[in-house]
Amino acid sequence: MTFMKSKLTFLLCIITSPLLAAEITGKFTPPAGQVLVFAGQDNMSVGGTQEYSDGYVDNIGVPGGITHYVYFSEGWTNGFGRTFPLGSVAGLNSEVEWAAGPMCQKAYLDSPRLKECVMHVSISMEGGGEVKVANGSFDHLIDEFVQFIADYPDRVFFIRIGYEFDGSWNKYEPDSFKKAFRRIVDALRERNLSNYATVFASSSTVKPGQFEEYDPGAEYYDWIGYSWWGNEKKFGNAVPALAYARKLKKPVFIAESTPRGHYFDKEDPETLWSGWFNEFFQHIEDNKDVVRAVSYINADWDGQDMWDGWGQTCIQTLPLLKQKWQTMMAEKTFINAADHPHKVIGFSPRTTPLQSSKSSQPAYKNASLPDIDRVADLLSRMTIEEKVAQITGWWFHDERKLQREGSVFKPEFYAKKCPHGIGELGPLHNLSIDEDMRHYIAIQEYFRNQTRLGIPAILHDEAAHGFMKFQANSFPAPIGLACSWNPSLLEEIYSCAAQEARSRGVAHVLSPVVDVARELRWGRVDETLGEDPFLVGRLGEAMVRGLQGSDNGTIKPDHVAATLKHFAGYAGTAGGRNRSPYPNGMRHLLDTEIPPFRYVIKNGRPASVMAAFNEIDGLPCHINHWMLQGVLRDRLGFDGLLVGDYQGLNLVRWYQKIGTNDADVGKMALESGLQLELPNAFGYKHLTKLVKSGQVNETLIDTAVREMLSLKFRLGLFEAPMALDAAKAKNLAASTETNSLATEAARQSIVLLKNEGNFLPLKLGIHKNIAVIGPNATVCRLGSYSGMPQKTVSLFEGIRDYVGNQATVKHAEGCQIATNDTGNSYKNWRYVDEIHYTSLEDNQERIRSAVQLAHNSDLVVLALGENVLLSREAWGENHIGDRTTFELTTSQQELASQVLATGKPVVLILNNGKP
8 MTFMKSKLTF LLCIITSPLL AAEITGKFTP PAGQVLVFAG QDNMSVGGTQ
58 EYSDGYVDNI GVPGGITHYV YFSEGWTNGF GRTFPLGSVA GLNSEVEWAA
108 GPMCQKAYLD SPRLKECVMH VSISMEGGGE VKVANGSFDH LIDEFVQFIA
158 DYPDRVFFIR IGYEFDGSWN KYEPDSFKKA FRRIVDALRE RNLSNYATVF
208 ASSSTVKPGQ FEEYDPGAEY YDWIGYSWWG NEKKFGNAVP ALAYARKLKK
258 PVFIAESTPR GHYFDKEDPE TLWSGWFNEF FQHIEDNKDV VRAVSYINAD
308 WDGQDMWDGW GQTCIQTLPL LKQKWQTMMA EKTFINAADH PHKVIGFSPR
358 TTPLQSSKSS QPAYKNASLP DIDRVADLLS RMTIEEKVAQ ITGWWFHDER
408 KLQREGSVFK PEFYAKKCPH GIGELGPLHN LSIDEDMRHY IAIQEYFRNQ
458 TRLGIPAILH DEAAHGFMKF QANSFPAPIG LACSWNPSLL EEIYSCAAQE
508 ARSRGVAHVL SPVVDVAREL RWGRVDETLG EDPFLVGRLG EAMVRGLQGS
558 DNGTIKPDHV AATLKHFAGY AGTAGGRNRS PYPNGMRHLL DTEIPPFRYV
608 IKNGRPASVM AAFNEIDGLP CHINHWMLQG VLRDRLGFDG LLVGDYQGLN
658 LVRWYQKIGT NDADVGKMAL ESGLQLELPN AFGYKHLTKL VKSGQVNETL
708 IDTAVREMLS LKFRLGLFEA PMALDAAKAK NLAASTETNS LATEAARQSI
758 VLLKNEGNFL PLKLGIHKNI AVIGPNATVC RLGSYSGMPQ KTVSLFEGIR
808 DYVGNQATVK HAEGCQIATN DTGNSYKNWR YVDEIHYTSL EDNQERIRSA
858 VQLAHNSDLV VLALGENVLL SREAWGENHI GDRTTFELTT SQQELASQVL
908 ATGKPVVLIL NNGKP
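The sequence shown maps to residues 8 to 922 in our numbering.
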């Protein structure tokens, strides 16, 4: 049978407290408040196999895992007259009986009924085996064992080495035990296996100081284990084990538990349940902060020579006891096979067999296999250095220098910068289409042909309102597009942007922005879709559909992975100041900022989400476990890649003043769920060292790497061409259809604020002398995060070309906003830091000339508003962009006042980054 999860609350059900358990993050650790359930210990007691079918599995249900035992005791004869076989690990590949019931690990793995079960294999080195393991005499046994683990890459193994170090029967010599433990783990690591976790376990007789005496090094084990027989006054092992686990912040595995000395065939079930079982579940409850796995030994102990006097503890013996146990197992707390334990602990089991390791082609390079299989195979081959590289990015801020030197067109450049590979590479916006072709070839050559495993790098870029690149098409800013109220239009626009990006090698864009803009002083309002959560959600979904080419999470081959940003509350920061704390409270956060993310995640299935810079209740989003896991993952159901914003961890450390050092920030971010640090490894560069020192559990890194690799396989990067089609990229950039789409988008983005006497639309030929006046008349103010299109048409040019010889069109600047205004939106956004405003005094002559032109005209078109310098991302003290006022600059106000005073009809066109 399977355990059906009940919604009822039982007398002994365990009430969990995630707050108490949040610090425990060992490899393959179940979520806080959940416990992985194992059953053991011999094949007959467990059942569920072809040979044995009357055990726990057959009578009670399929547990989350199976507890088993093997011996590294070649040639040794135990006290019961059993001699262990030569040349093989006893109990691993074939059945052996050493006075404790039949033992064969392989039988479990061959059983279809147990395909969901995690394996818990305990290695005994009794009889002096620890010395031979330590000195290399048993390396052939280690090799057999490691190969066994490698042969089942789709199954997780909890490996309890030398169970139990304090057992009097083992008589382990401490130094030899530690060396043996490390030798086995080192052998597993040499094979780059990822489907195991190690357990350092005591028995029930541990003495003060023995954990320290036998400890092989915290970096060599993932869990602390102990045995629990009840009657803690007699068997007090739990106290030192729990204390040691809490000290090291490692999860606890109650590796063996049973009502030792009880005879279920002779006792009252109610008494048993209210006695030992009540104490057992209360023990778990009392230590729920660390206890995450438990194994129940369901055995007829007295029926085995080794355990005379231990009793009979088969739960199925007593129907009432069995019913109570099954009821308890049905609670959400306990993870059994029906709960898909591999998934719960963060491991993705394979659904089809992989190719043999002896195959000429590794499984991850076999495009016919499902992505989940390819990811698991590739992950199992990776070193910790290669894993960490996959969850970091690389980017250099001075792209003009790289372009000028030409270094980015050479594979050896990336070999130096990314020796272990890389997750993603940042953008080079200035490259032409032809340069992008060369850049792409260099990237493919190094990452796919010269790195050890050939893992491709993702190129990411921006697509806020068109592909943000030189020679790429541009569309109105999102705040303008939102004024269209037209999801179909936005889907088409972002599909065009995606195809342009992909044609130039970019597979992941950091768009769209679905922040809700309620604080209009903020400099990034033009990147948003406005103030209404409903509209933002619907248009955001259309943008994702356009970028990815679907609404089900599939990414079409000529499209890109989309990124929702910024999660969450970023647009509502205090005073409209970029990166300042979110001040509006939890209700406003959940009712206003979160709904667009919820809608787009559910209906658009974006590939990734980006964390926001701001703090929520004093905790920056990049290290906010409640936001990233509790809300984004658990409440909204997001299951994609969670990426950091540029310099996000750097800001946590130096701007928000959190963490004692850079490594500390990296650890906090990883444990909070951040899976990719951008643009460079500030905190995550320390993860390799933290894993090796036991301060960070590798399973967290595996989870992040798994998501990154999954995205790369979904994008088809492992089979992507080694060169791009330049002609296709150029055709997309010069497409007349895209040009027409941009024109239509501009029409639908215009908002008519006032039209006295139906003055508009103007009639051609009525006005013979037209003055186009203002600082925004002869330049295209494209907005923040704009590319550099091959051609732009200014307001002045458009009017002049439209009226032709039916009117005279003249221009006057009227006033200048800033002396260092380049007239190019991208350059104003990227390269101009401190703004040199032009004073009213310095603009007087420009105003005078403009007013004179207005006097001599029949019609004035007045082009005022902002440029990017007045409305952009404020990313530094010398690079501001937030506003303190919504008013026009003083010079523009004066210009407008004097032009209006001429009495000439005026059409005012405001080009702004906000309403």
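Note that beta-carbon positions come from the ideal geometry of N, C-alpha and C, so glycine has one too.
Taking DSSP as the reference, what is the three-state secondary structure of residue i?
i      : result
Ile773 : coil
Tyr838 : coil
Thr90  : strand
Ala908 : helix
Ile916 : strand
Glu133 : coil
Glu263 : strand
Val234 : The question names Val, yet the displayed sequence has Ser at residue 234. Correct three-state label for Ser234: strand.
Arg162 : coil
Thr324 : helix
Leu902 : helix
Met715 : helix
Cys20  : Bear in mind that the predicted position of Cys20 carries a pLDDT of just 32, short of 50, making it too unreliable to give a figure here.
Lys122 : coil
His818 : strand
Leu685 : coil
Ile168 : strand
Phe79  : coil
Phe482 : coil
His127 : strand
Lys12  : Reliability fails at Lys12, whose pLDDT of 45 lies under 50, so the model's placement of it is uncertain and the value that follows must be treated cautiously. Residue state, collapsed to three classes: coil.
Thr929 : With the chain covering 8 to 922 only, the question about residue 929 has no answer from this structure.
Leu694 : helix
DSSP beta-bridge partners for residue i?
i      : result
Asp468 : Val516
Gln319 : Tyr270
Val69  : According to DSSP, Val69 bridges with nothing at all.
Pro477 : The amino acid at residue 477 is misidentified as Pro; the sequence shows Phe. Beta-bridge pairing links Phe477 to Met795.
Phe574 : Ala618
Pro109 : Glu104
Phe45  : Gly72 and Ser302
Ile608 : BP columns for Ile608 are empty, so no partner.
Gly428 : Pro426
Asn437 : None, per the DSSP bridge assignment.
Ile342 : Leu43
Tyr589 : Ile623
Ala337 : DSSP, once it has assigned bridges, lists no residue as partnering Ala337.
Less than 8 Å between the CB atoms is what I'm expecting for residue i and residue j, so what's the real figure, rounded?
i      : j      : result
Ala470 : Asp533 : 15 Å between Cβ atoms; not a contact.
Leu649 : Ala614 : Wrong, their Cβ atoms sit about 11 Å apart, outside the cutoff.
Gly560 : Ile486 : Wrong, their Cβ atoms sit about 28 Å apart, outside the cutoff.
Gly790 : Gly883 : The Cβ separation is near 20 Å, so there is no contact.
Ile842 : Leu871 : With a Cβ gap of about 17 Å, Ile842 and Leu871 do not count as contacting.
His467 : Pro434 : 7 Å
Arg853 : Gln823 : 6 Å
Leu869 : Gly781 : 5 Å
Glu923 : Ser210 : Within the shown structure, residues of the chain are numbered from 8 to 922, placing residue 923 beyond reach of any answer.
Quiz item: Are the region 387-401 and the region 731-741 in contact at 8 Å, needing three or more beta carbon pairs?
Solution: no
Quiz item: What runs of the beta strand (DSSP E), each 3 residues or longer, lie entirely inside the region 750-806?
Solution: 776-780
Quiz item: What are the start and end residues of each continuous alpha helix (DSSP H) run of 4 or more residues lying completely inside the region 389-423, in chain order?
Solution: 391-397 and 406-412
Exercise. Give a yes or no on contact between the region 55-66 and the region 78-89, applying the rule of three or more CB pairs nearer than 8 Å.
Key: no
Quiz prompt | Continuous beta strand (DSSP E) assignments of at least 3 residues falling wholly in the region 288-315 | solution = 298-304
Quiz item: Counting pairs of Cβ atoms below 8 Å between the region 493-502 and the region 448-463, do you hit three or more?
Solution: no
Practice problem: Determine contact between the region 521-529 and the region 565-577, defined as no fewer than three beta-carbon pairs at a distance below 8 Å. | Solution: yes
Quiz prompt | Given 8 Å, three or more beta-carbon pairs between the region 82-101 and the region 177-193 | solution = no
Quiz prompt | Runs of beta strand (DSSP E) wholly within the region 827-879 (minimum 3 residues, chain order) | solution = 866-872
Quiz prompt | At least 3 beta-carbon pairs within less than 8 Å: the region 338-354 vs the region 678-693 | solution = no
Self-check item: At least three beta-carbon pairs within less than 8 Å, the region 65-73 to the region 33-48
Solution: yes
Quiz item: Counting Cβ pairs, one atom from each stretch, are 3 or more of them under 8 Å apart for the region 268-276 and the region 318-328?
Solution: yes
Practice problem: Determine, using beta-carbon pairs with one atom in the region 132-147 and one in the region 111-124, whether at least three such pairs fall under 8 Å. | Solution: no
Quiz item: In chain order, which continuous runs of the beta strand (DSSP E) of length 3 or greater are located wholly inside the region 192-222?
Solution: 203-208
Quiz item: Are at least three pairs of beta-carbons, each pair with one atom in the region 890-908 and one in the region 834-850, less than 8 Å apart?
Solution: yes
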